[in-house]
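Chemist: Just dropping this structure here.
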């Protein structure tokens, strides 16, 4: 017998037809219901499960109670093992996380989940990349390439996997959009992590946001994001590195790859500056510091950019530090924090914490900064 996990976010997609651009948060769900929204996820789950009927007698569906999977699986005649029951009448993100964890602990061959980008985030936070998963698209926002193109395609791909077809397994991005901003016609996406999925281009969707083809393309995308959002009359201190170099190239300005350059109003103020230069500028103008980690080491400060001293950083302020990085640099760290070593213990301690790291145009991920003390 094969064990297939199934978890359904029963409210996923309810905000779509009533124009709410998502269903994140109980107040939005209540509004969707008042506007006449009805559940979308159960029917889409049935469409996927129908494709597994040829092997129904060889499967056990490990799932959650009620409308989180049990009802759909038993409706299609599958044998079920219920490992989680929600205590609330309306399920929430926490139920998804707890249910997914319980299912993963049962040692399922594949965990199928039904929802949108918020559901994918919940799966990532709960099981990370330990468990092979496959998304059935049911949400309003489906940016993440962890979903099949349709519920039917999800069922077909799951059938191929459980019947032993060899296929590529790959970690794909979990991307979500800020619903509140989206409702104001602003698109703000963020990379949250990666889920391990079976990959077949005939079945799986691409990421909705542009996918960088290589490092250089990613760097250009990050650079355009920075340039498009530069504040007027603000001194931008641009640290060394190929990712930061792309910013100078986007501005069509001369630069120094291994030094520190200063820009204001999209014009070069000075190239290859010293600590004294920097102190002069930050004492005169509002300033922001743009840094990228060193590949393989993960240092933000203290490796090749000592002119950005503890004194300079104190003047600039932690809130005015912008970190840019390609995904590959972050992946190489394997969860280890980015490092700072300014020579000033108090400054290094001040810099610890989580930052938004720009990893593409309009894309950010949260990542930790530690220290050497």
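Numbering (my numbering), first residue to last: 65 to 437.
Backbone N, C-alpha and C define an ideal beta-carbon position, used for all residues, glycine too.
1. Over the uninterrupted alpha helix (DSSP H) stretch that includes residue 145, give me the two end residues.
2. Apart from the five residues on each side of it in sequence, which residues of its chain come closer than 6 Å, Cβ to Cβ, to residue 149?
3. According to the neighbour-count rule (16 or more other Cβ atoms, all chains shown, within 10 Å of its Cβ), is residue 293 buried or exposed?
4. Give me, in chain order, the residues of the same chain whose beta-carbon lies closer than 7 Å to that of residue 414; leave out the 5 immediate sequence neighbours on both sides.
5. Under the assumption that residue 133 contacts residue 70 (Cβ atoms under 8 Å), give the Cβ distance between them as a whole number of angstroms.
6. Touching or not, the segment 395-403 and the segment 328-344, by the rule of three or more beta carbon pairs under 8 Å?
7. Residue range of the alpha helix (DSSP H) that residue 168 falls in?
8. Is the separation between the beta-carbon of residue 388 and that of residue 301 shorter than 9 Å?
9. Could you please give me the residues that DSSP links to residue 177 through a beta bridge?
10. Among residues of its own chain, excluding the 5 on either side of residue 272, which ones have a beta-carbon nearer than 6 Å to its beta-carbon?
11. By alpha-carbon positions, which one of 191, 281, 303, 357 ends up nearest to residue 320?
12. Does DSSP put residue 429 in a helix, a strand or coil?
13. Name the one or two DSSP bridge partners that residue 375 has.
14. Output the boundary residues of the alpha helix (DSSP H) element that contains residue 225.
15. What did DSSP end up calling residue 434 once you bin it into helix, strand or coil?
16. List the residues that DSSP assigns as beta-bridge partners of residue 289.
17. Measure the alpha-carbon distance for residue 406 versus residue 416 and round it to whole angstroms.
18. By DSSP, does residue 113 sit in helix, in strand, or in coil?
19. Pop quiz: residue 311 and residue 352 are said to be a contact at Cβ under 8 Å. What is the actual Cβ separation, rounded to whole angstroms?
20. Relative to the C-alpha of residue 341, which candidate in 182, 371, 219 has its C-alpha closest?
21. Excluding sequence positions up to five away, which residues of its chain have a Cβ less than 7 Å from the Cβ of residue 203?
22. Is DSSP giving residue 341 helix, strand or coil here?
23. For residue 411, which three-state DSSP category applies?
24. To the nearest whole angstrom, what separates the beta carbons of residue 123 and residue 219, a pair I think is in contact under 8 Å?
25. Should the segment 161-170 be called in touch with the segment 185-205, which here means at least 3 C-beta pairs below 8 Å?
26. Would you mind reading off the limits of the alpha helix (DSSP H) that contains residue 309?
27. Determine, using beta carbons only, whether residue 74 and residue 106 come nearer to each other than 9 Å.
28. On the CB-based measure, 16 or more other CB atoms within 10 Å of its CB, does residue 200 come out buried or exposed?
29. So, at 6 Å on beta carbons, what are the nonlocal neighbours of residue 432 in its own chain, with the 5 sequence-adjacent residues on each side left out?
Modeler: A quick look at the data gives this:
1. For the purposes of this step, residue 145 is taken as the residue at position 81 of the chain shown. Not the alpha helix (DSSP H): residue 145 falls in the beta strand (DSSP E), residues 143-148.
2. The residue labelled residue 149 in the question sits at position 85 within the chain shown. Around residue 149: 129.
3. Walking along the chain shown from the start, residue 293 turns up at place 229. Residue 293 is exposed by the Cβ-count criterion.
4. Stepping through the chain shown from its first residue, residue 414 is reached at position 350. Taken in chain order, the residues that qualify are 382.
5. Within the chain shown, the letter at position 69 stands for residue 133. Within the chain shown, the letter at position 6 stands for residue 70. Contact flag correct, Cβ pair sits at about 4 Å.
6. no
7. For the purposes of this step, residue 168 is taken as residue 104 along the chain shown, with counting starting at 1. Residue 168 -> alpha helix (DSSP H) spans 157-169.
8. Looking up residue 388 in the chain shown gives position 324. Looking up residue 301 in the chain shown gives position 237. In this structure, residue 301 does not lie closer than 9 Å to residue 388 by Cβ.
9. The residue given as residue 177 occupies position 113 in the chain shown. Residue 177 is bridged to 71, 199.
10. Position 208 of the chain shown holds residue 272. Its pLDDT being 45, under 50, residue 272 is placed unreliably by the model, and the measurement read from it follows with that caveat. Excluding sequence neighbours, residue 272 sits near 207.
11. Working through the chain shown from its first residue, we reach residue 320 at position 256. Nearest option by C-alpha distance: 303.
12. If you number the chain shown from 1, residue 429 lands on position 365. Residue state, collapsed to three classes: strand.
13. As a working note, residue 375 is residue 311 in the chain shown. According to DSSP, which records beta bridges pairwise, residue 375 is partnered with nothing at all.
14. The residue given as residue 225 occupies position 161 in the chain shown. Per DSSP, residue 225 belongs to the alpha helix (DSSP H) from 215-226.
15. For the purposes of this step, residue 434 is identified with residue 370 of the chain shown, where counting begins at 1. It is coil, neither helix nor strand.
16. Here residue 289 refers to the residue found at position 225 of the chain shown. In DSSP, residue 289 forms no bridge with anything.
17. The residue you call residue 406 lines up with position 342 of the chain shown. The residue you call residue 416 lines up with position 352 of the chain shown. Their Cα atoms are separated by approximately 12 Å.
18. Looking up residue 113 in the chain shown gives position 49. Reduced to three states, the DSSP call for residue 113 is helix.
19. On the chain shown, position 247 is the one that residue 311 refers to. On the chain shown, position 288 is the one that residue 352 refers to. Their Cβ separation, rounded to whole angstroms, is 12 Å, which puts residue 311 and residue 352 out of contact at 8 Å.
20. Walking along the chain shown from the start, residue 341 turns up at place 277. For the residues 182, 371, 219, the minimum Cα distance to residue 341 belongs to 371.
21. As a working mapping, residue 203 is identified with position 139 in the chain shown. Here the set comprises 76, 77, 179, 180, 181, 182, 183.
22. Start at 1 with the first residue of the chain shown, and residue 341 comes out as number 277. In the structure shown, residue 341 sits in a helix (DSSP, three-state: H, G or I).
23. By 1-based counting over the chain shown, the position of residue 411 is 347. Looking at residue 411 - three-state DSSP - the assignment turns out to be helix.
24. Working through the chain shown from its first residue, we reach residue 123 at position 59. Working through the chain shown from its first residue, we reach residue 219 at position 155. About 12 Å separates the Cβ atoms of residue 123 and residue 219, ruling out a contact at the 8 Å cut-off.
25. yes
26. Position 245 of the chain shown holds residue 309. Its alpha helix (DSSP H) spans residues 306-314.
27. For the purposes of this step, residue 74 is identified with residue 10 of the chain shown, where counting begins at 1. For the purposes of this step, residue 106 is identified with residue 42 of the chain shown, where counting begins at 1. Result yes, Cβ atoms of residue 74 and residue 106 sit closer than 9 Å.
28. The sequence position of residue 200 within the chain shown is 136, counting from 1. Residue 200 comes out buried.
29. Here residue 432 corresponds to residue number 368 of the chain shown, with the count starting at 1. So the qualifying residues of the chain are 401, 418.
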